[in-house]
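Listed in order, the protein sequences are those of chains A and B. Position one of the first sequence corresponds to residue 861 (our numbering), numbered consecutively onward. Position one of the second sequence corresponds to residue 861 (our numbering), numbered consecutively onward. A virtual CB, placed ideally from N, CA and C, is assigned to each residue, including glycine. Report on the following structure.
Protein chains: 2
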Amino acid sequence: MSTFDSVASPPAPLDPLIHEASRLVIISVLNECEAADFNFLLGTTGLTRGNLSTHMAKLVGAGYVEETKQFVNRKQLTQYRLSPTGRNAYTQYRADWVRLTSGSGRGE
Amino acid sequence: MSTFDSVASPPAPLDPLIHEASRLVIISVLNECEAADFNFLLGTTGLTRGNLSTHMAKLVGAGYVEETKQFVNRKQLTQYRLSPTGRNAYTQYRADWVRLTSGSGRGE
DNA sequence: TAGACTAGTTTGTGTGGAAAACAAGTCTGT
DNA sequence: ACAGACTTGTTTTCCACACAAACTAGTCTA
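And the structure:
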C-alpha cells in the first residue's frame with residue numbers, strides 16, 4: 861500500500877464540452893443573449909465559420925443548444941439558444957470550476 | 861463590409877497552458893500547497909504517471925512551475941512549486957475566466 | 001446567364017492529451 | 001550475490017479533436 865491510496869478525491873471533471881475555450885465563449889454569450897444567430901456568434905466569438913459550425917453542431921448534438929433555421933428575406937437565418945439542459949450544465953460547470961480553483965473545499 | 865466588423869471584442873484568450881483541465885487541477889493544487897511532490901500530485905489529481913510527467917514538463921518548460929529533484933532515503937523525490945510567473949499567470953487566468961463567464965464586462 | 005456575395009457545411013491536417021511501454025534504481029528473500 | 005517485485009518517473013505510441021481551407025447551396029446584380 862502506498863502513502864496515498866485514496867486520500868484526495870479525484871476532482872470534479874469539468875464537463876469538457878463546456879470547458880473547451882471556444883465553446884465556453886459561445887455558451888457564455890448564449891447565456892446572456894436569449895437567442896443569437898450565426899453571424900452574431902461569428903462576430904462575438906471571433907471564430908471562423910467552419911469552426912463555429914462544428915462547435916455549434918456539437919453543442920446541439922449534446923442537447924445543450926437548440927437550433928432554429930428559417931428564411932428571412934430569402935436568406936438563411938440560423939438561430940441558437942441555450943436549452944434548459946445546457947443552462948443547467950453551464951451552471952454546474954461554473955460551480956465545479958469555482959470549487960476546483962478555490963481549493964476543493966478546504967478553503968483558501 | 862459585413863454587419864459585424866469589429867463590434868464585439870475578441871474575448872480574452874484564456875491561457876491554454878492553464879486552461880487545460882488536467883493542468884488546471886495541478887496548478888490549483890500547487891497554488892494551495894506551497895510545494896508538492898510527484899506522488900502527492902499523483903494522488904490529488906488522479907492522473908497517471910505518464911500523464912502527470914508530461915504535464916509537469918510543460919509547466920516547468922513554460923516557467924510556471926519550479927522543479928526540485930533530490931534523493932531522500934535513497935529514493936528519488938521530485939518536488940514542484942508554483943513560480944511567481946506561474947502564480948501571476950494563474951491569477952490572470954482566473955480573472956479572464958471570471959470576466960468571460962460574467963459577460964465580457966456588460967454586467968450580468 | 002455569368003459572376004460576386006451571403007450563409008453555412010464538409011473535409012484534411014496537425015497538435016497535443018491519454019495510456020502503454022520503457023528505464024533506472026532500490027529492497028527483500030534465499 | 002542474484003532473481004524478482006516494487007517504486008519513481010520518462011519516453012513513445014496512438015487517437016481524438018480543434019482549426020482552417022475547400023466546398024455547397026442559394027440569392028442578387030448587371
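Classify residue i as helix, strand or coil using the three-state DSSP reduction.
| i | result |
| --- | --- |
| A:R934 | coil |
| B:Y924 | coil |
| B:I878 | helix |
| B:L907 | coil |
| A:S913 | helix |
| A:S962 | coil |
| B:S862 | With a pLDDT of only 35 at B:S862, under 50, the local geometry of the prediction cannot be trusted, and no value is derived from it. |
Is there a Cβ of chain A sitting closer than 9 Å to that of residue i, yes or no?
| i | result |
| --- | --- |
| B:H915 | no |
| B:E968 | Unreliable positioning characterises B:E968 in this predicted model, as indicated by a pLDDT of 40, which lies under 50. A coordinate reading is not provided. |
| B:V925 | no |
| B:L987 | The requested residue 987 of chain B does not occur in the structure, where chain B is confined to residues 861 to 968. |
| B:E892 | yes |
| B:L877 | no |
| B:L912 | no |
| B:L937 | no |
| B:G921 | no |
| B:G946 | no |
| B:T904 | yes |
Nearest CA to the CA of residue i: which residue from the options?
| i | options | result |
| --- | --- | --- |
| A:E926 | A:T961, A:D897, A:D956 and A:S962 | A:D897 |
| B:Y950 | B:A922, B:A917 and B:L907 | B:A922 |
| B:P873 | A:L874, A:L877 and A:A881 | A:A881 |
| B:R883 | B:L919, B:F900, B:E894 and B:A895 | B:L919 |
| B:I887 | B:Q952, B:S962 and B:T961 | B:Q952 |
| B:R959 | A:E892, A:V932, A:P944 and A:R959 | A:E892 |
| A:H879 | B:W957, B:Q936 and B:G963 | B:W957 |
| A:L961 | B:D875, B:L877, B:N899 and B:V885 | First, the residue type needs correcting, since residue 961 of chain A is Thr and not Leu in the sequence shown. The candidate whose alpha carbon is nearest that of A:T961 is B:V885. |
| B:K935 | B:G903, B:N899, B:R947 and B:A955 | B:N899 |
| A:A917 | A:R947, A:F931 and A:T938 | A:T938 |
How many whole angstroms separate the CB atoms of residue i and residue j, which I take to be in contact at a CB cut-off of 8 Å?
| i | j | result |
| --- | --- | --- |
| A:V889 | A:T914 | About 17 Å; that fails the 8 Å criterion. |
| B:Y940 | B:A895 | 7 Å |
Looking at the strands, I want to know which residues DSSP matches up with residue i.
| i | result |
| --- | --- |
| B:W940 | Note that residue 940 of chain B corresponds to Tyr in the displayed sequence, not to Trp. Answer by DSSP bridge pairing, in chain order: B:A896 and B:E927. |
Do we get a CB-CB distance below 9 Å when we pair residue i with the residues of chain B?
| i | result |
| --- | --- |
| A:A895 | no |
| A:V885 | yes |
| A:S943 | no |
| A:A949 | no |
| A:A955 | no |
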